[in-house]
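Trainee: Chains as they are written, first to last, in this note's numbering: chain L, 27 to 179; chain R, 27 to 179; chain E, 27 to 179; chain X, 27 to 179. Here a beta-carbon is modelled for each residue, glycine too, at the ideal position from N, C-alpha and C. Before I ask anything, let me first share the structure, which is written out below as structure tokens.
Protein chains: 4
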Amino acid sequence: MTRLHVPVPVRWSDLDAYEHVNNARMLTLLEEARIAAFWSDPAGGAPTAVLETGPGAPSITLVAGQRIEYLAPIPFHREPLDVELWIGRLGGASLEVCYEIFSPPGVEPRTLYTRAATTIVLVDRASGSPRKLSDGAREAWQPYVETPIAFRD
Amino acid sequence: MTRLHVPVPVRWSDLDAYEHVNNARMLTLLEEARIAAFWSDPAGGAPTAVLETGPGAPSITLVAGQRIEYLAPIPFHREPLDVELWIGRLGGASLEVCYEIFSPPGVEPRTLYTRAATTIVLVDRASGSPRKLSDGAREAWQPYVETPIAFRD
Amino acid sequence: MTRLHVPVPVRWSDLDAYEHVNNARMLTLLEEARIAAFWSDPAGGAPTAVLETGPGAPSITLVAGQRIEYLAPIPFHREPLDVELWIGRLGGASLEVCYEIFSPPGVEPRTLYTRAATTIVLVDRASGSPRKLSDGAREAWQPYVETPIAFRD
Amino acid sequence: MTRLHVPVPVRWSDLDAYEHVNNARMLTLLEEARIAAFWSDPAGGAPTAVLETGPGAPSITLVAGQRIEYLAPIPFHREPLDVELWIGRLGGASLEVCYEIFSPPGVEPRTLYTRAATTIVLVDRASGSPRKLSDGAREAWQPYVETPIAFRD
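Set out below in structure tokens:
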């Protein structure tokens, strides 16, 4: 069972008037985790960060669907949250990214705040039709394939 | 089949660098639709807007989970989106809110951009434990109960 | 003295943990007021909404600077804020937009929450160099030129 | 001349449809820099991070005004921006925070994107009236007092 641990900072303005991270804003935190995990990074980054993006890249990633379960409210933390990220399903032109958002390392007790999954589809930039994952991406991501989240209800 | 039609304005900064409404930001649009539909409004508002909120109210609403499916990217619109909203399940202390986000009235062809559902739980402000829906709320919402969304996969 | 009155809705998530509209988010409200006031609108809109924008337009508007003074915190309002907007300086290729953000019409006492000014520069889309305001824009905006805001200190 | 260097991450969704950091969102980046610089941090943090905040603290900080000048658009950066922060004026119950936002360390050429200043007022949480800066805060911040920004026009 191999998961990535992505540190994701919370901003103070992510809190809403209930003094917790706004429920919609959590998808922004997951977006940041996903970018760190998948988008190719000249400086190195995660072993899975091999996806070519940007103006010249042949494919773009589309978010087809998301599901999120809120287990405990997230208060303001100075230190980045610890987002565990893995792949629940690795398809031909799509994949399911799974996440569990935990309190920052060192904060006791360690708390699981949120569980979520995002379905990603790769499409060809020019034609807009689905585009197969490259061998390089598939190889980099295979070690992180694990059982997907079983959501309540 | 009775649904509420809630007009929800898009902001220009909801667009991201792909020139479409950011996928996370759509939950903010749904939050606005939900507030217009449920929170008691001194000025009148929707027939379902009967939920007491604010500092003095006995209960607060928690978002327990959300699911969203992106069918087509949302471009910038000057006019508010047309959010159809109904109740997929009306439980004792919880309910499922369903939404379909459409292009603004008058924009042709009418486009279904997004489908989503939110599970809401009412909790007692003081104790934090679940709190039964009031008879008034149940009565106001009953006409808007309809089949919940059948999500893909 | 002629000012535009632009209704600008507040979102619930614009509030931060202090239960007021976040200070940074107010510039987003001003951005919405500015777009309603200046960007050409096929549906009509304000008499000043004559600025061609979008992919085919020859010029784009850049924000060169902003100044904002917070006079009173903005609580959540169901009804749109009343943003008074005028032009403090109408230059060759630039203008200063002035704003006063007031409580929604009908809310008593009427409260001035915020005063602000934005310096806008028009640039040629192709070359990136400053581009003179069109005669049509200048003519439409001239009636709304008024004394600029005198900020404290 | 002593300035703090605060690393501030950009989020992908901070970019707007022009593919640059949205002009309003930049104040959110400055808010993050300010919190890192001033709010007391149990884990250590900057030498100036001595301001007691939170539910039990006797004072709260209010933003009275802000000024910002945009010199160059900010593209997406994987690495945090380098925000230089200093104090332009250290008053009795107020201070002016000055910032220059630079490209991330190591990105060539080093680019100054934005200059800004925020006027902060300390108020008593209970009474709401201005509250003098503590000796400890004044002592911690004194080394970072420098000439304030001379804005254009």
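Quick one: complete alpha helix (DSSP H) runs, 4+ long, within the segment 135-175 of chain E?
Mentor: Counting whole runs of 4 or more residues, the segment 135-175 of chain E contains the alpha helix (DSSP H) stretches 161-167.
Trainee: So what does DSSP say about Ile94 (chain X), is it helix, strand or coil?
Mentor: Residue state, collapsed to three classes: strand.
Trainee: Taking Cβ to Cβ, would you say Val89 (chain X) is nearer than 8 Å to Ile146 (chain X)?
Mentor: Result yes, Cβ atoms of Val89 (chain X) and Ile146 (chain X) sit closer than 8 Å.
Trainee: The beta strand (DSSP E) that contains Glu122 (chain R), what's its start and end?
Mentor: Here the beta strand (DSSP E) through Glu122 (chain R) covers 120-128.
Trainee: With Leu56 (chain R) as the anchor, note down where its alpha helix (DSSP H) starts and where it stops.
Mentor: Run containing Leu56 (chain R): 51-64, per the alpha helix (DSSP H) assignment.
Trainee: Please report the distance separating the alpha-carbon of Pro131 (chain X) from that of Asn49 (chain X).
Mentor: Their Cα atoms are separated by approximately 22 Å.
Trainee: Buried or exposed: where does Glu172 (chain R) fall if 16 or more other Cβ atoms within 10 Å of its Cβ makes it buried?
Mentor: Label assigned to Glu172 (chain R): exposed.
Trainee: Taking the Cβ atom as the reference point for each residue, do Ala143 (chain L) and Cys124 (chain L) lie within a distance shorter than 8 Å?
Mentor: Result yes, Cβ atoms of Ala143 (chain L) and Cys124 (chain L) sit closer than 8 Å.
Trainee: Tell me whether Met27 (chain R) is buried or exposed, calling it buried when 16 or more other Cβ atoms sit within 10 Å of its Cβ.
Mentor: So Met27 (chain R) counts as exposed.
Trainee: With contact counted as at least three CB pairs below 8 Å, one residue from each stretch, are the segment 97-107 of chain E and the segment 36-47 of chain E in contact?
Mentor: Yes: at least three Cβ pairs fall under 8 Å.
Trainee: Name, please, each residue of chain R whose Cβ falls closer than 7 Å to the Cβ of Arg93 (chain L).
Mentor: Those are Arg93, listed as they occur along chain R.
Trainee: Using a Cβ-Cβ distance under 8 Å, would Glu45 (chain R) count as near chain X?
Mentor: Yes, Glu45 (chain R) lies at the interface with chain X (some Cβ there is under 8 Å from its Cβ).
Trainee: Over what stretch of residues does the beta strand (DSSP E) that includes Ile113 (chain X) continue unbroken?
Mentor: Segment 107-116, the beta strand (DSSP E) holding Ile113 (chain X).
Trainee: Using DSSP bridges, identify the partner residues of Ser39 (chain R).
Mentor: Beta-bridge pairing links Ser39 (chain R) to no other residue.
Trainee: How big is the Cα-Cα spacing for Gln92 (chain R) and Pro33 (chain L)?
Mentor: Cα to Cα, Gln92 (chain R) sits roughly 23 Å from Pro33 (chain L).
Trainee: Flag Arg151 (chain L) as yes if its beta-carbon sits less than 8 Å from any beta-carbon of chain X, otherwise no.
Mentor: Output row for Arg151 (chain L): interface = no.
Trainee: With distances taken between CB atoms, is the gap from Ala62 (chain X) to Gly71 (chain X) smaller than 8 Å?
Mentor: Against a cut-off of 8 Å, the Cβ pair of Gly71 (chain X) and Ala62 (chain X) comes out as a contact.
Trainee: Given that Asp42 (chain L) touches chain E, what residues does it touch there, using C-beta distances under 8 Å?
Mentor: The answer, in chain order, is Trp38, Ser39, Leu41, Asp42, Ala43.
Trainee: Could you check where the beta strand (DSSP E) with Val47 (chain R) kicks off and where it finishes?
Mentor: Neither: Val47 (chain R) is in no beta strand (DSSP E) and is coded neither H nor E.
Trainee: Note down the Cα distance separating Gly162 (chain E) from Val76 (chain E), rounded to an integer number of angstroms.
Mentor: Straight-line Cα distance between these residues: approximately 8 Å.
Trainee: Note down, in chain order, each residue of its chain lying with its Cβ closer than 6 Å to the Cβ of Leu30 (chain E), except the 5 sequence neighbours on either side.
Mentor: Counting only Cβ-Cβ distances below 6 Å, and skipping sequence neighbours, we find Ala63, Ala72, Leu111.
Trainee: Please go through the same chain and pick out, in chain order, the residues whose beta-carbon is closer than 8 Å to the beta-carbon of Trp38 (chain X), but skip the five residues on each side of it.
Mentor: Around Trp38 (chain X): Phe102.
Trainee: Which residues in the same chain have their Cβ closer than 8 Å to the Cβ of Arg157 (chain X), if we skip the five residues on either side of it in sequence?
Mentor: Same-chain partners within the cutoff: Pro84, Ser85, Ala119, Leu148, Val149, Asp150.
Trainee: Going by the beta-carbon positions, is the gap between Leu107 (chain L) and Leu55 (chain L) smaller than 8 Å?
Mentor: For Leu107 (chain L) and Leu55 (chain L), yes; Cβs fall inside 8 Å.
Trainee: Report the residues of the segment 69-84 of chain L with a CB closer than 7 Å to any CB of chain E, ordered along the chain.
Mentor: The segment 69-84 of chain L vs chain E, Cβ under 7 Å: nothing.
Trainee: Taking 8 Å as the threshold (C-beta atoms), are Gly114 (chain X) and Glu122 (chain X) in contact?
Mentor: Taking 8 Å as the Cβ cut-off, Glu122 (chain X) and Gly114 (chain X) qualify as a contacting pair.
Trainee: So if I threshold CB-CB distances at 8 Å, which residues from the segment 47-61 of chain L count as touching chain E?
Mentor: Listed by position, the residues of the segment 47-61 of chain L near chain E (Cβ gap below 8 Å) are Asn48, Ala50, Arg51.
Trainee: Thinking just about the alpha-carbon of each residue, which of R:Glu105, R:Thr74, R:Ile94, R:Phe177 is nearest to the one in Tyr170 (chain R)?
Mentor: Taking only the C-alpha atoms, the option nearest Tyr170 (chain R) is R:Thr74.
Trainee: Just checking: is the beta-carbon of Tyr96 (chain X) within a distance shorter than 8 Å of some beta-carbon in chain E?
Mentor: So yes, Tyr96 (chain X) belongs to the interface.
Trainee: Check the Cβ of Val89 (chain L) against every Cβ in chain R and list those closer than 8 Å, keeping chain order.
Mentor: In chain order: Asn49, Tyr96.
Trainee: Can you say whether Arg178 (chain E) is buried or exposed, counting buried as having 16 or more other CB atoms within 10 angstroms of its CB?
Mentor: Burial call: exposed.
Trainee: Consult DSSP for His31 (chain E) and reduce its assignment to one of helix, strand or coil.
Mentor: Strand.
Trainee: Which residue's Cα is closest to the Cα of Val36 (chain X): L:Glu57, L:Thr79, L:Ala166, L:Glu134?
Mentor: The option with the nearest alpha carbon to Val36 (chain X) is L:Glu57.
Trainee: For Ile86 (chain X), list the residues DSSP reports as bridge partners.
Mentor: Paired residues: X:Val149.
Trainee: Here's a check: name, in chain order, each residue in its chain whose Cβ is nearer than 8 Å to the Cβ of Ser66 (chain L), leaving out the five neighbours to either side.
Mentor: For Ser66 (chain L), where only same-chain residues beyond five positions count, the Cβ hits under 8 Å are Ala75, Val76, Leu77, Glu78, Thr79.
Trainee: Who are the Cβ neighbours of Pro174 (chain R) in its own chain at under 8 Å, not counting the five residues just before and after it?
Mentor: Cβ within range, chain order: Gly114, Arg115, Glu122, Cys124, Ala143.
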